[in-house]
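Below is one structure, written out as structure tokens, with a few remarks after it.
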Amino acid sequence: MSLRKPLLLSLAITAALAAANAPAVGADGSSPSSTALPPSSAFKTSDLDPSKSACSNLADYVNSRWLAANPVPADKTSWGSFEMLNERSLAASRHLVEAAAANPNASGVEKLVGDLYASGMNEAAIEAAGVTPIRPMLDRIDALKTPADIAAYLREEFAAGRGEVFSFGAEADFKDSSHKIGYAYQDGLSLPEKAYYLEDGANGKYKSIREAYVAHVARQLQNAGIPAVDAQKQAEDVLAFETRLARASLSPIELRDPNNQYHFVSMADADKASPNFPWSAFFRANGVQANGFSLSQPTFFDEFNRMLVDVPAAQWQAYLRAHMIDGMAPMLSSTFADERFAFFSRTLRGQQQQKPRWKRVLDGVEGSVGEALGQLYVREYFPAESKAQMETLVQNLRLALKARLENLEWMSPETRKKAMEKWASFTPKIGYPDHWRSWDGLATSRGDYLGNVLAAARFNHAWDMAKIGKPVDRSEWGMTPQTVNAYYNPLMNEIVFPAAILQPPFFDPKADPALNYGGIGAVIGHEMMHGYDDQGSQFDAQGNFHNWWTPGDQERFAARTARLVKQFDDYVSIDALHVKGQLTLGENIADLGGLSVSWDAYQKALRDAGRSGDEMIDGHSENQRFFFNWATVWRRGFTPDELRVRLNTDPHAPANFRAIGAPSNMAAFAEAFSCKAGDPMVRSGDAKVVIW
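Here is the structure:
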């Protein structure tokens, strides 16, 4: 439900659930890692393909040779600049967690990290336990008989930090961003989005995925001891249940509209609208007192209320049983973990091999106590000088953005004044939080991985629930320092850059300005411009969902963004599937504006240094190197199945189109490479997009 706009689909290590007591040596027999880290994907002139032309396709010119020589590894679904940095972050984190696991006297955050990793790496104990760790959960589901039983079960599961059917969490109130409220949000689907349930897809792809999903659920249920015939029937019930949820769900494009993300109701009205699931009882079960909350997608929750009585208890049991098993599978024996991988990773996304165990357990550490690990990461891997240089870059980008806003010819003075107020209130966060969160009260041990993960889930949920009704803590971060990503949060009007992204090709303190401005400078600009994209522009300087536009300016903005929608709608990806320009609009606005603002800041830096940008480095001008590094950032290959999923669900266009989309609208690019009118990378007339 987060409104944060990640730079790409998050590469942060995600939560996992698993179990037991391990030595510092990995269960796969590997020795503890050293502090040496894998390489990054820094730009090199030797990567350029002389048989290609920058004026025809910048992405091909810069990246085609590298991509051909670096196919997607078997244990990945994508590979490129981001993934290489993620491998560096993983290697650094592995060094830290193995050291913590090897220290029997660890305390504080080191103990939390060490307990989770050591218990997760005890593969022998996890294999021996089999289904036993989740047997009490299965028995609890088996006992559900009535709608009241099911409602009580859902309340208890949410209080335990789990929960099914919908999502619930604390976030700033759209109408008063200084305080947190609760948000209930549609969820409950196992397949990527509603179309996978309701359409057959090109060449029957969605239909075959549905069939594979039913087979997967049946196998998981059998793994839990359910006879094959019963498992098949239950699996079919699960698909029917999720299909009904899908019909009531909004699509990814519809969910981009902030009006579809916020629907405040009083507690009394919520209870009247949902007699089968009284929300006041839900809040009490979660230890929260509130007079109201956001029931964000009313149609979905109307259907949920009906399903509590319309759907037989046996079908509810099948759904809850299947989701619980798959949710816990990463922390269970290989029987469960491998089956989950086979469908969700291999069948759905084309990943051919499981990640090694240490990475999967690191997922569990990150998802459970990620910020605790972040404290250790920053201490060892983030130099203070990097933060200082980033602060300078951010200030330079802010000034360049200010100049653009002040000279925007299509915007009226009234709207510009509000845009400038928003600019003035931007808050940048770099590297890591100024204040670390407390973990007091979370008890872990070296002997129970599943117990550790479940304890952390309950602890983190209670920590989140305690925010409801309280003032927003503006010092909090939505990502850990070891995350290779960045985001803009419109409710706090902040841009956030975790430490792990501040490496080549994004940022190198020793690189020439062209590379840093074409890399991290454009990323800084990108995140700033999210405050003025089609979503962020609906929030004011205080982070409130409030219209600060005149009608005429709104019309002019919509006309310009419509051109960008068409530009990306026209890009054709795999299997003749087009990019969805409306789904990716926010990111494309941020790319175009961010790269343009970074170019302005870069040119000012050159002027201040008495240079023109025409100076040559390794046979190319500095101005060309600016765009080379922009393309290098978007150096990324995908498995075909992963690419198909992303085209349907990812608000970011595939990387190759991001590399060419923004530069093709910039006169500076054409001038840097002496491109001519009519070249594919030179857009003109009505096809040229200029927004911010």
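For the sequence shown, my numbering gives the first residue as 5, with consecutive numbering after it.
All residues carry an ideal CB built from backbone N, CA and C; glycine is no exception.
Note that the structure is predicted; figures quoted are calculated from it, not measured.
* P137, DSSP secondary structure in three states -> helix
* To do: Mind checking which residues open and close the beta strand (DSSP E) that includes R159?
  => It is not in any beta strand (DSSP E) - R159 instead sits in the alpha helix (DSSP H) that spans 151-163.
* Say whether the stretch 572-586 touches the stretch 421-440, bearing in mind that this needs 3 or more beta-carbon pairs closer than 8 Å, one atom from each stretch. => no
* Can you name the start and end residues of the beta strand (DSSP E) that D180 belongs to? -> 180-190
* Asked: What three-state label does DSSP hand T653 in the structure shown?
  -> helix
* Cβ-Cβ separation, K391 to A174 (assumed contact under 8 Å), whole Å -> Contact flag wrong, Cβ pair sits at about 29 Å.
* **For H534, the three-state DSSP class (helix, strand or coil)** => helix
* Asked: Do G296 and R166 have their C-beta atoms within less than 8 Å of each other?
  -> no
* **Candidates D261, G617, Y187: closest to F631 by CA position** => G617
* **Completely contained beta strand (DSSP E) runs for the stretch 268-302, where each covers 3 or more residues** => 268-270, 296-299
* Use the C-beta contact count for T419: other C-beta atoms within 10 angstroms, 16 or more gives buried, fewer gives exposed. => buried
* Given 8 Å as the limit, is there contact between the stretch 544-563 and the stretch 120-139, that is, 3 or more CB pairs closer than that? -> no
* Asked: For the beta strand (DSSP E) that contains D177, what are its first and last residues?
  -> 170-177
* To do: Kindly indicate which three-state DSSP category K406 falls into: helix, strand or coil?
  => helix
* Asked: How long is the line joining the alpha carbons of N464 and P334, rounded to whole angstroms?
  -> 19 Å
* What does E370 pair with, by DSSP beta-bridge criteria? -> According to DSSP, E370 bridges with nothing at all.
* **Counted within 10 angstroms of its Cβ, other Cβ atoms place S284 as buried (16 or more) or exposed** => exposed
* Asked: Opposite I475 in the DSSP bridges: which residues?
  -> One point to set straight first is that residue 475 is Pro, not Ile, in the sequence displayed. The partner list for P475 (beta bridge, DSSP) reads H183.
* **Own chain residues within Cβ distance below 8 Å of N61, not counting five before or after** => I664, P684, M685
* Asked: What's the call for N669, buried or exposed, on a 16-neighbour Cβ count within 10 Å?
  -> buried
* Asked: Who are the near neighbours of S416 in its chain, counting only those whose CB is closer than 6 Å to its CB and skipping five residues on each side?
  -> T554, D557
* The alpha helix (DSSP H) spanning V66 covers which residue range? -> 62-73
* Report the residue from K426, V457, E215 whose alpha carbon sits nearest the alpha carbon of N497. => K426
* Keeping to the same chain, check which residues put their C-beta closer than 6 Å to that of F178; ignore five residues upstream and five downstream. => Y266, F549
* **Beta-carbon separation (whole angstroms), L225 vs R325, contact threshold 8 Å** => 7 Å
* Expressed to the nearest angstrom, what Euclidean distance is found between the alpha-carbon atoms of E499 and V488? -> Checking the displayed sequence, the identity of residue 499 turns out to be Ile instead of Glu. About 14 Å.
* **Beta-carbon separation (whole angstroms), V365 vs W443, contact threshold 8 Å** => No, V365 and W443 are not in contact; Cβ-Cβ is about 19 Å, not under 8 Å.
* Leaving out five residues before and five after A232 in sequence, what residues of the same chain have Cβ atoms less than 8 Å from its Cβ? -> A222, Q226
* Asked: Less than 8 Å separating the beta-carbons of Y381 and Q507?
  -> no
* Counted within 10 angstroms of its Cβ, other Cβ atoms place G529 as buried (16 or more) or exposed -> buried
* Asked: On the three-state DSSP scale, how would you describe V398?
  -> helix
* Asked: Is it true that the stretch 636-647 meets the stretch 69-87, where meeting means three or more beta-carbon pairs spaced less than 8 Å apart?
  -> yes
* **Nearest neighbour of E480, chosen from V576, P502, A460 [CA to CA]** => P502
* Expressed to the nearest angstrom, what Euclidean distance is found between the alpha-carbon atoms of A31 and A122? -> Bear in mind that a pLDDT of 29 at A31, under 50, signals an unreliable position, so the model cannot answer this.
* Contact check, R353 vs D645 under 8 Å by CB: the rounded distance? -> 5 Å
* **Spatial neighbours of P256 in its chain, beta-carbon cut-off 8 Å, leaving aside the 5 residues before and after** => E197, L587, N652, T653, P655
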